[in-house]
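Student:
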Amino acid sequence: MSRDDIELNIASARLLLNLIPGLDSVVLSEPEGLIPQLYRWAESDATNCYLRAYSFGLLAAALDVTSVASSLKIENSALIPIALRRLKHLFERMEKEKQETTEASEPDKENKEEDVEDNGPFAGIPRETFHNGERPLLADVSCTYF
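Counting along the sequence shown from 1, when you hit position 24 you're at 24 in our numbering, and nothing is skipped either side.
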């Protein structure tokens, strides 16, 4: 893979990762320059996030081969803290986005419920949902309106 063309590297890594289930894992252990390049991409914070993710996946597939895994113990031990730090960062980002989404949707949700209750063909009919913790009896709901 060319080291300078990021888009080509991303497409190549994605294609190779998609082909892995149909290939023998030994295929990844043969190219001499591929494994070290994958480690460089996985370790570098300057690497494109997609290329970094694909390189982690390709390394995982390559490390299925026992001989490759045993020869790269030092590199693997250096990569584990990096992977854990990135996972922690992604988890924190996910939680922050989830909280922002929840905060943004709560006022809208209340407004939509009020609009539904006040307008429409079923505006005067009591809801069967239980906001106060109690669900109305079917007889109370059906006898009044039917």
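Positions of the beta carbon are idealized from the N, C-alpha and C atoms, including for glycine.
Could you check the C-alpha separation between residue 4 and residue 56 for me, to the nearest Å?
Tutor: Numbered from 1 along the sequence shown, position 4 holds the residue referred to as residue 4. Numbered from 1 along the sequence shown, position 56 holds the residue referred to as residue 56. When rounded, the distance between both Cα atoms is 19 angstroms.
Student: Within this structure, are the beta carbons of residue 39 and residue 75 separated by less than 7 angstroms?
Tutor: Taking the first residue of the sequence shown as 1, we reach residue 39 at position 39. Taking the first residue of the sequence shown as 1, we reach residue 75 at position 75. Yes, the Cβ-Cβ distance between residue 39 and residue 75 is below 7 angstroms.
Student: Taking just the CA atoms, how far does residue 99 sit from residue 37?
Tutor: Sequence index remark: in the sequence shown, residue 37 carries index 37 (1-based). Sequence index remark: in the sequence shown, residue 99 carries index 99 (1-based). Between residue 37 and residue 99, the C-alpha separation is close to 37 angstroms.
Student: In the DSSP assignment, find the alpha helix (DSSP H) that holds residue 38 and state where it starts and stops.
Tutor: Here residue 38 refers to the residue found at position 38 of the sequence shown. Looking at the DSSP string, the run of the alpha helix (DSSP H) that includes residue 38 is 34-43.
Student: Quick check on residue 23: does DSSP put it in helix, strand or coil?
Tutor: The residue labelled residue 23 in the question sits at position 23 within the sequence shown. It is coil, neither helix nor strand.
Student: Check the C-beta distance from residue 51 over to residue 13 and give it rounded, since I have them as a contact under 8 angstroms.
Tutor: Counting from one through the sequence shown, the residue named residue 51 turns up at place 51. Counting from one through the sequence shown, the residue named residue 13 turns up at place 13. So it is a contact: roughly 6 angstroms between Cβ atoms.
Student: If you draw a straight line from the alpha carbon of residue 65 to that of residue 106, how long is it in whole angstroms?
Tutor: In the sequence shown, counting from the first residue as 1, residue 65 sits at position 65. In the sequence shown, counting from the first residue as 1, residue 106 sits at position 106. When rounded, the distance between both Cα atoms is 50 angstroms.
Student: Whose C-alpha, out of 101, 68, 33 and 11, is nearest the C-alpha of residue 48?
Tutor: On the sequence shown, position 48 is the one that residue 48 refers to. Considering only alpha carbons, the answer is 11.
Student: What is the DSSP secondary structure of residue 48, reduced to helix, strand or coil?
Tutor: As a working note, residue 48 is residue 48 in the sequence shown. In the structure shown, residue 48 sits in coil (DSSP, three-state: anything other than H, G, I, E or B).
Student: Drop a sphere of 10 angstroms on the beta-carbon of residue 28, count the other beta-carbons inside from all chains shown, and report buried for 16 or more, exposed for fewer.
Tutor: Numbered from 1 along the sequence shown, position 28 holds the residue referred to as residue 28. Buried: at least 16 other Cβ atoms inside 10 Å.
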